[in-house]
Amino acid sequence: KGLPDTVSKVKVYVTNTTKGMESTGEVEIKDGTAVANLPEMSFVTLISL
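In UniProt numbering, the protein residues as written are 1 to 49.
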């Protein structure tokens, strides 16, 4: 399945032991898939733009 077709870009926020809901940038969506390098042991929030 993946992300809805209406989403073309998301803003990524990371929360872990050193980052508190810190923006790590924007990620383009292609064919319902977002590809990003994320730190391990983190909560990740994606907000559509």
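All C-beta atoms in this analysis are idealised placements derived from N, C-alpha and C, irrespective of residue type, glycine included.
A quick note: this is a predicted structure, and the numbers were derived from the prediction, not measured.
- In chain order, D31, G32 and T33 place their CB closer than 8 angstroms to the CB of G2, counting only its own chain and leaving out the 5 sequence neighbours on each side.
- Taking V27 as reference, the option from V12, V44 and P4 with the minimal CA-CA separation is V12.
- Taking 8 angstroms as the cut-off, the beta carbon of V14 is found no closer than this to the beta carbon of S48.
- Apart from sequence neighbours up to five positions away, the residues of its chain that approach S42 with a beta-carbon distance below 8 angstroms are V14, T15, N16 and K19, ordered along the chain.
- Taken atom to atom, the span from the alpha-carbon of M21 to that of L38 is near 13 angstroms.
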